[in-house]
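Quick note on the numbering used here: the sequence shown kicks off at 17 and runs consecutively.
Even for Gly, the Cβ is constructed at its ideal location relative to N, Cα and C.
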Amino acid sequence: MPEPKKWWKDAVVYQIYPAGFKDSDGDGHGDIKGIISKLDYIKNIGVDTLWICPMYDSPQLRKGIDGFRIDAVNMYSKPPNFPDAPILDKPKEYQWPGNYYCNGPRIHELLREMNFIFKKYNAMTVGELPGTPDPAMIHKYISSAEHQLDMVFQFDLMYVGFDKTNKFGTRPHNFTLPTVKRAIKAPQHLTADSDAWTTSFTEHHDSSRSISRFASDAMGWLGVNAAKQDRDEWSVLEMWRRMLTLRRKYRELFMRGHFKIYDEENLDSFMFEKAHGDQKALVVFNFSNREVKFLKPKVVDGSLELLVASMVDTKIV
């Protein structure tokens, strides 16, 4: 008997830091009433779930909490003999100990105990999973048969460009686009034809903005005005609305379709396919600062229909 669909597999989640989101009473701090005042705006983007963090006890939200994001979820168990980290970078005083503070001997036992409580309330769980490059190890955390977590934030993309022993020693753009492609591909293949589910994300509070890391940061953060973008057909806000509309329209294709990269070693463009049943979508990004001619892969059959684009004059020829 197939497993019933979970609500969170189809959800579009909007993360809010309450203290910095919306101040309703003028005291300089965001609050719950401020969030409530923006619910219509958030819904209009295409969002159906709020992720509020940190979350404290509140009579307004007590009955509406359906999931938990769990910080550093693989760090709750350590080797009892506290071994020294291996010497990977001799000139440095401190060495990378990730193999010893992540994925300890009792971690899966502890997560199953937590899961026993969460499942009583049908609560979704998503955990941070740093320092875990082995796909088989990741799958053990998110396999439904293991009864541990529903999803994880896997850090392949966040680690692109990081110094091997000190992430803060990273230099901007010290990687090529194929490295980014492989990092994005890694979690996609975790869930193909399996009983697992995971996440795709491009930004994280411990890393700089994705547009700064992977593209040209031409649009300053403080220069973004949601009210102006709401009236601009080609704004970032409107782009998100169009993409989320497509996500709902082709739900099975984009959420459960198989992921395949074309021309993986191309240094300028990123092209991938999502396929589900008789539906296929081809997604193409230009990561260069110049115009790049699009060439349809020979293995892609039939004509193409343009569903969404970020540039006004985009066309298929």
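Spatial distance of residue i from residue j (CA atoms)
i    : j    : result
R258 : K290 : 18 Å
R263 : V142 : 21 Å
D246 : I58  : 12 Å
R122 : W24  : 28 Å
T148 : K201 : 15 Å
N249 : A152 : According to the sequence shown, residue 249 is Glu rather than Asn. Approximately 44 Å, taken between the alpha carbons.
S40  : P194 : 46 Å
Q164 : K331 : 46 Å
S224 : F178 : 12 Å
A251 : G318 : In the sequence on display, residue 251 carries Ser and not Ala. Going by the C-alpha atoms only, they are around 31 Å apart.
D294 : V63  : 27 Å
R409 : K22  : Coverage of the chain is limited to positions 17 through 333, which leaves residue 409 absent and any answer about it impossible.
H274 : P203 : 12 Å
9 Å Cβ cutoff met for residue i and residue j
i    : j    : result
S326 : F310 : no
V176 : T215 : no
Y278 : V308 : no
Q170 : L145 : yes
L173 : A139 : no
K136 : G120 : no
H292 : E254 : no
Q31  : I68  : yes
A231 : F288 : no
K312 : L322 : no
F134 : F84  : yes
Rounded Cβ spacing between residue i and residue j (contact assumed at less than 8 Å)
i    : j    : result
A212 : I158 : 4 Å
T218 : S210 : Between S210 and T218 the Cβ distance is about 23 Å, and since that is not below 8 Å, they are no contact.
V29  : L260 : No, V29 and L260 are not in contact; Cβ-Cβ is about 11 Å, not under 8 Å.
Selected residue, minimal CA-CA separation from residue i, among the options
i    : options                : result
I61  : E129, E144, W256       : W256
R187 : N241, S228, A208, L269 : S228
K108 : K276, C69, G185        : G185
P34  : T65, H45, V28          : H45
D166 : T261, N302, D82        : D82
S53  : Y92, F37, D43          : F37
K197 : N90, F301, V29         : F301
H155 : K312, L298, F270, L206 : L206
M130 : L320, E281, Y92, H221  : Y92
E162 : H124, L55, E281        : H124
heavy atom of the ligand PLP below 8 Å from residue i C-beta
i    : result
L173 : Ligands in the displayed structure: none, and consequently the ligand PLP is not present.
_Three or more C-beta pairs below 8 Å linking the region 97–117 and the region 44–53_ = no
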